[in-house]
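Novice: Going down the list, the sequences are from chains P and A.
Per the numbering used here, the first sequence starts with residue 999, numbered consecutively.
Per the numbering used here, the second sequence starts with residue 999, numbered consecutively.
Glycine residues also receive a C-beta, built at the ideal position from the N, C-alpha and C atoms.
Please read all numbers here as calculations on a predicted model, not as lab measurements.
The structure under discussion is supplied below as structure tokens; questions concerning it will follow.
Number of protein chains: 2
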Amino acid sequence: MSTPSSTALERVLAALKQEAKGKSSKVYNYVIPSLWNAQGYKGKEVIPTKDGHLLVNPYHFYIDVVEKLLQNDPQPGAVYSQSISQLTGDTSKGDWIQQATAYSMMPRASAAYDHDRTGTLEDKNLYGLKETGTFIKTLALLPYLKEMGVTLMYLLPIAAYTRMYKKGDMGSPYGVKDFYTIDQDLFDPITGDELTVNDQFKAFVEACHRLGMRVALDFIPRTNARDSKLVLSHPDWFYWIKKADEAVYKTPWVDGVKKLTIPEPEHAKYIYTSPEVLSFINLFQQNPKDASPVKWKAITEQVTAHPELNHLEVIEQETGLTVAPAFADVMNDPQPAWSDVTFFRLFLDDPLAAQPFLKDKKHNPYMLFDVAKSSLNPGGKPNKALWDTLADIIPFYQREFGIDGMRIDMGHALPESLTHLIIGNARKNDPNFCFIAEELQGKRAEVAKGQGYNMIIGDGFYMEPRLATFDYHGFAYSAAALPCPVFACAETHDTPRIAARDGGRVTAKLLTILNLFTPNTVPFINSGQEVYEVQPINTGLDCRPNEALLLPANDPFFGKLALFDKYAFHYTQDGFEELPRMLKQLSSFRQANLSLFTTKENYIPIWFASPRDPAVGFGYVDHTVAQPSEAYVVLGHTNTQAAETIIVDLRFVYEKLGVVSRHAQLVFSTHEHPRPITEYNFDSNWSLWMQPGEVKIIRVSR
Amino acid sequence: MSTPSSTALERVLAALKQEAKGKSSKVYNYVIPSLWNAQGYKGKEVIPTKDGHLLVNPYHFYIDVVEKLLQNDPQPGAVYSQSISQLTGDTSKGDWIQQATAYSMMPRASAAYDHDRTGTLEDKNLYGLKETGTFIKTLALLPYLKEMGVTLMYLLPIAAYTRMYKKGDMGSPYGVKDFYTIDQDLFDPITGDELTVNDQFKAFVEACHRLGMRVALDFIPRTNARDSKLVLSHPDWFYWIKKADEAVYKTPWVDGVKKLTIPEPEHAKYIYTSPEVLSFINLFQQNPKDASPVKWKAITEQVTAHPELNHLEVIEQETGLTVAPAFADVMNDPQPAWSDVTFFRLFLDDPLAAQPFLKDKKHNPYMLFDVAKSSLNPGGKPNKALWDTLADIIPFYQREFGIDGMRIDMGHALPESLTHLIIGNARKNDPNFCFIAEELQGKRAEVAKGQGYNMIIGDGFYMEPRLATFDYHGFAYSAAALPCPVFACAETHDTPRIAARDGGRVTAKLLTILNLFTPNTVPFINSGQEVYEVQPINTGLDCRPNEALLLPANDPFFGKLALFDKYAFHYTQDGFEELPRMLKQLSSFRQANLSLFTTKENYIPIWFASPRDPAVGFGYVDHTVAQPSEAYVVLGHTNTQAAETIIVDLRFVYEKLGVVSRHAQLVFSTHEHPRPITEYNFDSNWSLWMQPGEVKIIRVSR
């Protein structure tokens, strides 16, 4: 039984046991993908099918999952609801991420499965259980991810998101409505009524920490759902238009400026002389509270008395006003407004550069690209109360759940002083808390680092898949020169799947494995990537016109995108075991040599006969030792279409070793078994026959 | 409720309703292939999945199946447990089969399905129900088969078969142990304890008759299981050897005779001078009853008191004797003895031709290829009591179940007088009962017809798949000349599947459809053929070395053969709907013109530019009419690899029509929509562009 001092995970176990009562003899035709059973549940009712499923009694299965998770107690008696840095006394100031392997997970999709095989992901399946992903179901994936070497669970947004103006059949988790509640979609009914979804998330973080895995979230301080909970308490933190004007509301065109220009103060003269802009600004209205305090009071009373009502709908009905939809923070972007989110009003006055143009024009607070890009176009009067609120959200997640890090969404659009406030507040609680900047350009890494970020996202997702044009070469060989790490990633939740790009699964395997060994990067696996999922989660970046239509027409998820719709990854599709098996194989190898591979100074670029050879190579020698005994050479063959001979130039490796060695051992290959390397060419060259997309890892000894 | 006067099908309904009580609210994750629901069950619990399944409550589903079957009452108030000939007053003497479309079904496999999707066909699945095929489950397939135009259900053996010396995990139904009981494997527990498997089969025949579908069985009078029930009552009807000699027991070699020679009297001089034959004959022993009547009495008493014992095992233990295994009825056949069956002792003395050689040699009754081929090598003293028994089996099935016809297995090996006795007895009960000869050679059709058979099997299964070598041409153009029909079949339960032969599904589609229109043949569909099943039921005839290994290694039925193992056809595999849809489309067309297509005299062969053109054609004009108004031309393109132009010569069709017509309409094509035909070349020629394996049906009007 759980006691008042029970941990969140212990309380999950107690609740599961309570709910399991009387359900042992019931017939459950409930399947999980066999991959979800890395912890090895062996209940007597288990039936494995040949197509990659296991039939289990779900109560018995999840009880077993939690019991085994609770057996992990690396620091006996420790409180696992603290961050791992707090647990271990780490002093890295967040740079622990340099040794991490990240798994980008969207729990709603990553832990979704058609457990009753009806072809649909029901909220209540034949057994009354939820089929979309929940934190309880995610627990079953943790042993599997740990085996693959994952040490950082990076979650897409999990806070309560809007259903108003929603896209798809579920809505996007990026339209956050309430920072302080985990979204109810992630609540799992299997634990009955006693636990809340916040409790379940707490148990998830505890489980991760018990396994030595850190947890980072995606924090979205720049935008918020139009029906944000804050609208009711602080209508003046938002921008307002007439509901009736929504149809004509569109981001205005600015003459004299190119498409997709980032707005800077020097553009003010174009922006604020544009007639289209001026009439756009005139669409904005005073906020409804200030417009009519009496009516506003009635509205708040009505909504408080009737929590089933959506407050924005009531406001729209009663006042004719609505919160203005957001749009991109660049000028002359042809994409339509974002119907589900709005921008926070970060400044109480207009951008400084705009003020000379507007000072004689009576107008209400308005939203515009320059306003949105407030990092470059700040006003003079910060909205202090809002800033304090935004800066207090990460501390809430630190206190309540003990998370380890945060990515800041659209951090590049925040005023620098707000960024400092947010990062500073979090580091007061946990000096080793990690921050990831949503910054794609390597040249901005220095700035991000200066702001306190530990790494930037980088442009791997764009460069890596482009093998034939040597963009991947460029990425792989330039990463080491950056002042902070980037993600070594072949895909993200916004991009095409790597298995759906040129070279298909061959490219996917090549990059997923090379990413474990690319210098000055953090390996990044996008959930589903490891089972060769082809359908993207979202088609936000670098997508082709048919990107959302990659599944066969008879697939239950044809045309669906996990970011908006009910979606489950193809965990049992043909070939699902391949990459997880290889990642598992490489995990202990990487772990055993972790500091070798993650210390920039150990890295030696490997060259080939010509810089245009279809191969990349990373050498590693321990730089702290005078006479190192060995080196590792990781080679990737970027021709995914044909086998060919690659001439590997080992001069610099031999220089570091201080000797030209012929003791070389193949320790891993995607295509062959370990064996001694005997294919010497000249003294410092090997002449290796490499299969399409092959990765070879070779140990060279003195 | 069922009453004493209820029909078998009504009793099934009553039993199902009884068993269904209290099961409405239970959760059933029980699937059927969507093809099985041609009757359109629409219970509120039904869930269709995108991969071709329906989740149903099995009780509700089968109740609906039976209720809808009972609504078929083509002769109101008739007794449907009579043969259809008896029901309708047919006078065809069994030649009704000339208008039939046969579906060859092995109920154990054809109605098998992994309803709980555990990857295994359980005897009791998660819901206590049987997953291998039963007659109750077969009822669900009848509306589907009727839609496809099937009018004759031709069943592989269904009588109780041996489990001793069994092959595979189920055993072959060809090792019949008891003629008078339907095998318990076909019993369906879904109707509870009240009905026997014989009752369930009776309900099946009734259901077929209500749908206007006839039922024919496979009767096996020449061989029997070694532990046949008759062994106990008539040990002298069998041949005996010492159990200890079984290891050395093999069909002897005869010098001076070629491999696979059919034994005729003239071979006696080679056979009975062979030392190997003589020592083989010496292996045979006196039957255990005559050898020791006292011991035999004790054995029969023991077995009667303990029905759980296998009587042959007891005999083997007590006497050291066993029933001799059978072997092929040809000489110098290298295949080993058939471990599960034996031959009946049809004559009390040796073959007449053998007697001069053996008269001085003391020996026991023995089995040999010539003895087996008793049609050509009869003895002088028929085993009258056995003959009477064998001749009384079909009458039992007529009386009990009202079946409509029989195929006689190895009929070619029966003495002609026994054949007459068997056929005569059956025709006394039902003069229009149909007999199908297991005769493959067209030249033997005349003999078979003389013996009272209505048709022979023929060699379609061998000739049809051989498109490239024009064997199919030979078959299609010579069938009309035979004195009785043959089966138009591209596969049987013994041969490779047509979808696994050259041209794959293209060939399968071409032949399955042409077979509906081939003159003087009975269309024959081997169960599973219509869903492009590739794994054969048995590898008995014309099979390649890898024939049993055609499924992917992760298929639950990889390496399994339905004749011996638990097996379910791939009713939901990709493309499963294609052939059933086309057959359904053609069924009403064929039915509307049935007498046109099945009257030999209406047939006109269609020729092309050259006899080696890759095309076959069948023309049909009503020969009873002086000025026929129309003709049908059925064309098949036997090039399954490429599209090409085919020159069709219509001279003979126009001759019969009495006019060169240009009013032609494409009424069906496997590849295009109906349209007028305009591709005229010369007056009597069309120049048709045909897709690979295309079938076109064209109506030519005056």
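(1) Does chain A have any CB closer than 8 angstroms to the CB of Lys1048(P)?
(2) Quick one: is Ile1045(P) near chain A, going by C-beta distance under 8 angstroms?
(3) Measure the C-alpha to C-alpha separation of Arg1542(A) and Leu1310(A) and round it to an integer number of angstroms.
(4) May I ask you to check if the CB of Leu1664(A) is nearer than 7 angstroms to at least one heavy atom of the ligand GTP?
(5) Determine whether the Cβ of Pro1554(P) lies closer than 8 angstroms to any Cβ atom of chain A.
(6) Examine chain P for any beta-carbon lying closer than 8 angstroms to the beta-carbon of Arg1115(A), and answer yes or no.
(7) Can you find the residues in the same chain that come closer than 8 angstroms, C-beta to C-beta, to Cys1206(P), ignoring five residues on each side of it along the sequence?
(8) When you compare the CB of Tyr1125(A) with every CB in chain P, is at least one pair closer than 8 angstroms?
(9) Closest by CA to Asp1167(A), which one among Leu1561(A), Pro1674(A), Asp1681(A) and Asp1611(A)?
(10) With DSSP run on the structure shown, which of helix, strand or coil describes Asp1062(A)?
(11) Any idea what DSSP makes of Asp1457(P), helix, strand or coil?
(12) I believe Leu1007(P) touches Leu1052(P) by the beta-carbon criterion, under 8 angstroms. Please report the beta-carbon distance rounded to the nearest angstrom.
(13) Between which two residues does the alpha helix (DSSP H) carrying Tyr1652(A) extend?
(14) With respect to the beta strand (DSSP E) encompassing Asn1524(A), which residues constitute its N-terminal and C-terminal limits?
(15) Would a check of beta-carbon distances place Val1025(A) closer than 8 angstroms to chain P?
(16) Does DSSP put Met1162(P) in a helix, a strand or coil?
(17) Just to confirm the assignment: which complete beta strand (DSSP E) runs, minimum length 3, are found wholly within the segment 1108 to 1167 of chain P?
(18) Is Val1321(P) near Trp1238(P), with beta carbons less than 8 angstroms apart?
(19) State whether the segment 1232 to 1252 of chain A contacts the segment 1283 to 1302 of chain A, with contact taken as three or more CB pairs (one from each stretch) at a distance under 8 angstroms.
(20) Please list the residues of the segment 1577 to 1589 of chain P that have a C-beta atom closer than 8 angstroms to any C-beta atom in chain A, keeping them in chain order.
(21) Relative to the C-alpha of Lys1295(A), which candidate in Val1275(A), Phe1278(A) and Glu1316(A) has its C-alpha closest?
(22) Counting beta carbon pairs with one atom in the segment 1034 to 1042 of chain A and one in the segment 1078 to 1086 of chain A, are three or more of them shorter than 8 angstroms?
(23) Can you look up Cys1206(A) in the DSSP assignment and give me helix, strand or coil?
(24) By Cβ distance, which residues of its chain are closer than 8 angstroms to Leu1559(A), with the 5 residues on each side in sequence left out?
(25) Determine whether the Cβ of Leu1053(A) lies closer than 8 angstroms to any Cβ atom of chain P.
(26) Roughly how many angstroms lie between the CA atoms of Val1693(A) and Asn1544(P), to the nearest whole one?
(27) Can you confirm whether the segment 1576 to 1588 of chain A touches the segment 1484 to 1492 of chain A when touching is taken to mean that 3 or more C-beta pairs between the two stretches lie within less than 8 angstroms?
(28) Do Ser1373(P) and Phe1345(P) have their beta-carbon atoms positioned less than 8 angstroms apart in this structure?
(29) Once DSSP output is grouped into helix, strand and coil, what is the label at Ile1406(P)?
(30) Taking its Cβ as the centre, do 16 or more other Cβ atoms sit within 10 Å of Gly1318(P), making it buried, or is it exposed?
(31) Using beta-carbon positions only, say whether Pro1376(P) and Pro1349(P) come within less than 8 angstroms of one another.
(32) What's the call for His1471(P), buried or exposed, on a 16-neighbour Cβ count within 10 Å?
(33) Evaluate the contact criterion for the segment 1523 to 1530 of chain P versus the segment 1638 to 1646 of chain P: three or more CB pairs, one atom per stretch, below 8 angstroms.
(34) At which residues does the beta strand (DSSP E) containing Gln1663(P) begin and terminate?
(35) Which parts of the segment 1510 to 1572 of chain P are runs of the alpha helix (DSSP H), unbroken and 4 residues or longer, counting only runs that do not cross its ends?
Specialist: Looking at the coordinates:
(1) Translated into positions along the first sequence, residue 1048(P) becomes position 50. Taking a beta-carbon distance threshold of 8 angstroms, Lys1048(P) counts as an interface residue toward chain A.
(2) Within the first sequence, the letter at position 47 stands for residue 1045(P). For Ile1045(P), the nearest CB of chain A lies under 8 angstroms from its own CB, placing it at the interface with that chain.
(3) On the second sequence, position 544 is the one that residue 1542(A) refers to. On the second sequence, position 312 is the one that residue 1310(A) refers to. The straight-line gap from Cα to Cα measures roughly 36 angstroms.
(4) The ligand GTP is not part of this structure, which contains no ligands at all.
(5) Residue 1554(P) sits at position 556 when you count from the first residue of the first sequence. Chain A contact via Cβ: present.
(6) On the second sequence, position 117 is the one that residue 1115(A) refers to. Yes, its Cβ sits closer than 8 angstroms to a Cβ of chain P.
(7) Within the first sequence, numbered from 1, the residue matching residue 1206(P) stands at position 208. Once the five neighbours on either side are set aside, the close Cβ partners of Cys1206(P) are Leu1140, Met1151, Arg1212 and Val1213.
(8) Position 127 of the second sequence, counting from 1, holds the residue named residue 1125(A). Interface criterion met: the Cβ of Tyr1125(A) is under 8 angstroms from a Cβ in chain P.
(9) Looking up residue 1167(A) in the second sequence gives position 169. For Asp1167(A), the nearest C-alpha among the options comes from Leu1561(A).
(10) Numbered from 1 along the second sequence, position 64 holds the residue referred to as residue 1062(A). Looking at Asp1062(A) - three-state DSSP - the assignment turns out to be helix.
(11) The count along the first sequence starts at 1 and reaches residue 1457(P) at position 459. Three-state result, Asp1457(P): coil.
(12) On the first sequence, position 9 is the one that residue 1007(P) refers to. On the first sequence, position 54 is the one that residue 1052(P) refers to. Incorrect: roughly 23 angstroms between the Cβ atoms, too far for contact.
(13) Your numbering for residue 1652(A) matches position 654 in the second sequence. Following the DSSP letters along the chain, one finds Tyr1652(A) inside the alpha helix (DSSP H) bounded by residues Arg1649 to Leu1655.
(14) Within the second sequence, residue 1524(A) is the residue found at index 526, counting from 1. Taken as a continuous stretch (DSSP letters only), the beta strand (DSSP E) holding Asn1524(A) covers Thr1519 to Asn1524.
(15) Translated into the one-based positions of the second sequence, residue 1025(A) becomes position 27. Chain P, which has a Cβ nearer than 8 angstroms to the Cβ of Val1025(A), makes this yes.
(16) As a working mapping, residue 1162(P) is identified with position 164 in the first sequence. Coil at Met1162(P), not helix or strand.
(17) With a minimum length of 3 residues, the continuous beta strand (DSSP E) runs that stay inside the segment 1108 to 1167 of chain P are 1150 to 1153 and 1157 to 1159.
(18) Here residue 1321(P) corresponds to residue number 323 of the first sequence, with the count starting at 1. Here residue 1238(P) corresponds to residue number 240 of the first sequence, with the count starting at 1. The answer is yes: Cβ separation under 8 angstroms.
(19) Yes: at least three Cβ pairs fall under 8 angstroms.
(20) So the list is empty, because no residue satisfies the distance condition.
(21) By one-based count along the second sequence, residue 1295(A) stands at place 297. For the residues Val1275(A), Phe1278(A) and Glu1316(A), the minimum Cα distance to Lys1295(A) belongs to Glu1316(A).
(22) Counting Cβ pairs under 8 angstroms, fewer than three are found: no touch.
(23) Numbered from 1 along the second sequence, position 208 holds the residue referred to as residue 1206(A). In the structure shown, Cys1206(A) sits in a helix (DSSP, three-state: H, G or I).
(24) Start at 1 with the first residue of the second sequence, and residue 1559(A) comes out as number 561. Closer than 8 angstroms at Cβ, skipping near neighbours: Gly1166, Gln1533, Pro1534, Ile1535, Asn1536, Thr1537, Ala1546 and Tyr1565.
(25) The residue given as residue 1053(A) occupies position 55 in the second sequence. Contacts with chain P at 8 angstroms (Cβ-Cβ) include Leu1053(A).
(26) Locating residue 1693(A) in the second sequence gives position 695, where the first residue counts as 1. Locating residue 1544(P) in the first sequence gives position 546, where the first residue counts as 1. Rounded to the nearest whole angstrom, the C-alpha separation of Val1693(A) and Asn1544(P) is 35 angstroms.
(27) In this structure the segment 1484 to 1492 of chain A does not lie against the segment 1576 to 1588 of chain A, because fewer than three pairs of beta carbons, one per stretch, are closer than 8 angstroms.
(28) As a first step, residue 1345(P) must be located in the first sequence, where it is residue number 347. As a first step, residue 1373(P) must be located in the first sequence, where it is residue number 375. Contact flag unset, no.
(29) The residue given as residue 1406(P) occupies position 408 in the first sequence. Secondary structure of Ile1406(P) (DSSP, three-state): strand.
(30) For the purposes of this step, residue 1318(P) is taken as the residue at position 320 of the first sequence. Exposed is the call here.
(31) Against the first sequence, residue 1376(P) aligns to sequence position 378. Against the first sequence, residue 1349(P) aligns to sequence position 351. Pro1349(P) sits close to Pro1376(P), with the two beta carbons spaced by under 8 angstroms.
(32) Numbered from its first residue, the first sequence carries residue 1471(P) at position 473. His1471(P) is buried by the Cβ-count criterion.
(33) The segment 1523 to 1530 of chain P makes no contact with the segment 1638 to 1646 of chain P: fewer than 3 CB pairs, one atom from each, lie closer than 8 angstroms.
(34) For the purposes of this step, residue 1663(P) is taken as the residue at position 665 of the first sequence. His1661 to Ser1667 is the extent of the beta strand (DSSP E) around Gln1663(P).
(35) As far as the segment 1510 to 1572 of chain P is concerned, it has no whole alpha helix (DSSP H) run of at least 4 residues.
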